[in-house]
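From first to last, the protein sequence lines are chains A and B. The numbering used here applies: residue 11 is where the first sequence begins, and numbers increase by one. The numbering used here applies: residue 20 is where the second sequence begins, and numbers increase by one. Cβ coordinates follow ideal geometry from the N, Cα and C atoms, glycine included. The structure appears right after this line, and notes come after that.
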Amino acid sequence: MQPISTFSARTAVLPYTNIDTDQIIPARFLTTTTKEGLGRQAFADWRYDANGAPKPDFALNQPEAAGCAILVAGRNFGCGSSREHAPWALLDYGFRAVVSTEIADIFRNNSLKNGLLPIVVDEQTHAWLLQHPGVSLKVDLQASTLTLPDGTAVRFPIEAFARHCLLNGVDELGFLLQQADAIARYEQTHS
Amino acid sequence: MKPKTLFEKVWEQHEVARETADTPAVLYIDLHLIHEVTSPQAFAQLRSQSLSVRRPDRTLATLDHSTPTDPAEVFGRVPIKVESAARQVKEMEKNCREFGVELLGLGSEQRGIVHVIGPELGATQPGKTIVCGDSHTATHGAFGALAFGIGTTEVGHVLATQCLLQRRPQTLAIEVSGRLRDAVTAKDVILAIIGKIGVSGGTGQIIEYRGTAIEAMSMDERMTICNMSIEAGARAGMIAPDETTFAYLKGRRFAPQGDAWDRALERWRKLRTDSGASYDRVVEIDASKLEPMITYGTNPGMVVPITATVPDYPSDAIHAKSLAYMGLQGGESLLGKPVQVVFVGSCTNARLSDLELAARVMRGRKVASGVRMLVVPGSQQIKREAEARGLAQVFTDAGAEWRESGCSMCIGMNGDVVAKGQYAVSTSNRNFEGRQGSGARTLLASPLTAAAAAVAGRISDPREFLRS
């Protein structure tokens, strides 16, 4: 995984609450056996009509949404199924961060393991972001801040070890594999 | 010693390393269940790093999600219609063979929905940590296990190390007291709970369901309750094991035998929340006031008693979007609404007692004209049992389709789908947009309510079919 430190990007806004992972990537696309190429199918049922043509009124189909890498969405984003295909699809689409007031547990874990930043902000910041699609924001992972266009830096919580892994571009499996002796000891005493 | 909750006891018994400010806990996993949809990329990861499966003996695999339920496809008389699903099945067979993991595959009499067979085979036991790349892993918490869904990267972590990195969650006690009224089932209880605390009400928390109404439930019913914990945002739901739990497990394939059983019982009896232990939050529910419930919107928290009208929030644009998808108006009655599909199945409600509930309504009646009813048992073992007891006959006599086990129409990725615009009363767990097929409109309910809709062709109060 590439290390993440800071980046700036414009926002796209999906102002709905409880966007579940079935919306992010419908189940019929989960028969794949790889992680690649799911971006085409991200939000498929909202994005395309029955003939596969883009729906003109969907936010991500607007010309100004092209190149937006921060998704601002309503509360409880990523609820439902544990499918990691959801962050894979968002990353493949081009998103690097998701901003909401609440992000579902399993989706958040899955996102952190793939370098998609789950950013939880306060209600007031969130309300402003929902009303201003397309603004440019700066994400600083080292400082754990999201900087608004007026220069206000909003801190966001992020689990310390996940942050360490993302900043250094290392995966968590390496750390777990280093615990082999402790795991073996546990297995001997807890058979 | 400080009094502890059930969750704390199970968690602390599995800490290989405790969490610190810098690192999460290293948590040992006793049982890893895998299926064809969320494991291929994890096996690919193992291959790319030349890793093996650390404990194949603690790993159990099955085929359920993208697997067809049509017997001709399941038993190879015709090819699996969804080609990508057929490839996924092949890949799972290869992965299990190469990594030495037992696969309860297409020909196995023990195959079934992963959350149905874990308990059925006695692999699910009190005090265990159980994970699976599936959010309904919470089901196994009904046995006093700490069981939760994980993503595919974590599936790889468990395959390689039998451990996960986890931060300790908070605890939420849901105290359900009182006696359920006639025709009110475990499904109605959990739908009412989700309606009360909301679809993110349990985020960051582990739920312990307790109280007299929970204690009075069978294991099948407790599994229905724990199954939908994730629909309230909680990764896990737990119920303290008791004599009902032990009686269920005794003699099953993976349950301890002989002296080991006695020693296990001694350990399991300690898995109760100590008096004086505290939870981060407590919610109380009076089960005696509950009615049969049904969802009307596009998440499981959008739920009302079946006799109620669709809630009307004119200024709420998101609510309006949901109702527009469902083709419903605020203020209208749900009773009497025509339905086109009825699905009895899924890890929520496809165990033998669920099929018995549906059969209570169906016996001697016919599926209404214009309605397609699909009954999909949770496992091959349940299928055989239902056939032996005459339940399958009740369904087929009524005109319903009786299938091989699998996730089927709950997830609609295996050929079993609801068509665009159709209304489906479903005993499954998610009414999200498109969950059962693009444009499908799902109403979640109990097996009784689903069966009542099938015979009436309309949303109906199941109590009307139980009086006669």
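Quiz item: Looking at C-alpha atoms only, which residue of A/Asn119, A/Ile29, A/Lys65 is the closest neighbour of B/Leu183?
Solution: A/Asn119
Quiz item: Helix or strand or just coil, what does DSSP make of A/Ala4?
Solution: The structure shown does not extend to residue 4 of chain A, since chain A is modelled only from 11 to 201, so the question has no answer here.
Quiz item: For the region 25-50 of chain A, which residues have a beta carbon sitting closer than 9 Å to at least one beta carbon of chain B?
Solution: Pro25, Tyr26, Thr27, Asn28, Asp30, Thr31, Asp32, Gln33, Pro36, Ala37, Arg38, Phe39, Leu40, Thr41, Thr42, Thr43, Thr44, Lys45
Quiz prompt | A/Arg5 at chain B interface by Cβ criterion, 8 Å | solution = Outside the modelled stretch of chain A, which goes from 11 to 201, sits residue 5 of chain A, for which no answer is possible.
Quiz item: When you check each C-beta in the region 141-172 of chain B against every C-beta of chain A, which residues fall closer than 7 Å?
Solution: Gly152, Asp153, Ser154, Gly168, Ile169, Gly170, Thr171, Thr172
Quiz item: So who's on the other strand from A/Arg165, going by DSSP bridges?
Solution: A/Thr155
Quiz item: Which of the three DSSP states, helix, strand or coil, is assigned to A/Gln51?
Solution: helix
Quiz item: So which residues on chain A does B/Val35 lean against when the C-beta distance must stay under 7 Å?
Solution: Gln189, Ala192, Ile193, Tyr196
Quiz item: Any beta-carbon of chain B closer than 8 Å to the one on A/Lys7?
Solution: Coverage of chain A is limited to positions 11 through 201, which leaves residue 7 of chain A absent and any answer about it impossible.
Quiz item: Is any beta-carbon of chain A found at less than 8 Å from that of B/Tyr442?
Solution: no
Exercise. Check the C-beta distance from B/Leu485 over to B/Asp201 and give it rounded, since I have them as a contact under 8 Å.
Key: 7 Å
Quiz item: Expressed to the nearest angstrom, what Euclidean distance is found between the alpha-carbon atoms of B/Arg116 and B/Ser479?
Solution: 48 Å
Quiz prompt | 6 Å Cβ shell around B/Gly364 - same chain, five flanking residues per side excluded | solution = Val395, Ser427
Quiz item: Can you tell me the Cα-Cα spacing of B/Ser237 and A/Glu112, whole angstroms?
Solution: 35 Å
Quiz item: By Cβ distance below 6 Å, which residues in the same chain neighbour B/Tyr344 in space, the five residues on each side in sequence not counted?
Solution: Thr317, Glu452
Quiz prompt | B/Leu268 to B/Ile401 span [Cα, whole Å] | solution = 16 Å
Exercise. Between the Cα of B/Ser188 and those of B/Gly221, B/Leu462, B/Arg271, spot the shortest distance and give me the residue it belongs to.
Key: Correcting the residue identity first, residue 188 of chain B is Pro in this sequence and not Ser. The residue with the shortest Cα to Cα distance from B/Pro188 is B/Gly221.
Exercise. Starting from A/Asp150, trace the beta strand (DSSP E) both ways and give me its first and last residue.
Key: 146-150
Practice problem: Starting from B/Tyr442, follow its DSSP beta bridges and name the residues at the other end. | Solution: B/Arg460
Self-check item: chain A within 8 Å of B/Leu463, Cβ atoms only
Solution: no
Quiz prompt | Burial state of B/Phe94 (16 or more Cβ within 10 Å) | solution = exposed
Practice problem: Using a Cβ cut-off of 8 Å (strictly closer), state whether B/Val29 contacts chain A. | Solution: no
Self-check item: Unbroken alpha helix (DSSP H) run spanning A/Ser191, endpoints
Solution: Strictly speaking, residue 191 of chain A in this sequence is Asp, with Ser absent from that position. Counting along the chain, the alpha helix (DSSP H) containing A/Asp191 begins and ends at 190-199.
Exercise. Quick one: list the residues of chain A neighbouring B/Gln107, beta-carbon separation under 7 Å, in chain order.
Key: Thr41, Thr43
Quiz item: B/Ile337 CB to nearest chain D CB: under 8 Å?
Solution: Within the model displayed, chain D is absent; protein chains A and B are what it includes.
Quiz item: Are the C-beta of A/Arg210 and some C-beta of chain B separated by less than 8 Å?
Solution: Outside the modelled stretch of chain A, which goes from 11 to 201, sits residue 210 of chain A, for which no answer is possible.
Quiz item: Shortest alpha-carbon distance to A/Leu48 belongs to which of A/Ala96, A/Val164, A/Glu74?
Solution: A/Ala96
Exercise. Measure the C-alpha to C-alpha separation of B/Thr326 and B/Tyr315 and round it to an integer number of angstroms.
Key: 12 Å
Quiz item: Quick one: what's got a C-beta closer than 6 Å to A/Ser92's C-beta in the same chain, skipping five residues either side?
Solution: Ile116
Quiz item: Hey, is A/Ala76 close to the ligand GDP, as in C-beta under 7 Å from one of its heavy atoms?
Solution: This structure lacks the ligand GDP; in fact it carries no ligand of any kind.
Quiz item: Any idea if B/Ser457 is buried or exposed, counting beta-carbon neighbours within 10 angstroms, 16 or more meaning buried?
Solution: buried
Quiz item: How many Å lie between B/Val218 and B/Ile209 at the Cα?
Solution: 12 Å
Quiz item: Which of helix, strand or coil does DSSP assign to A/Val23?
Solution: strand
Quiz item: If you follow the alpha helix (DSSP H) that A/Ser121 is part of, which residue opens it and which one closes it?
Solution: 115-122
Quiz item: By DSSP, does B/Thr328 sit in helix, in strand, or in coil?
Solution: strand
Quiz prompt | Closer than 9 Å at the beta carbon, the chain A residues around B/Ser179 | solution = A small fix is needed here, since residue 179 of chain B is Ala in this sequence, not Ser. Result: Leu183, Leu186, Leu187.
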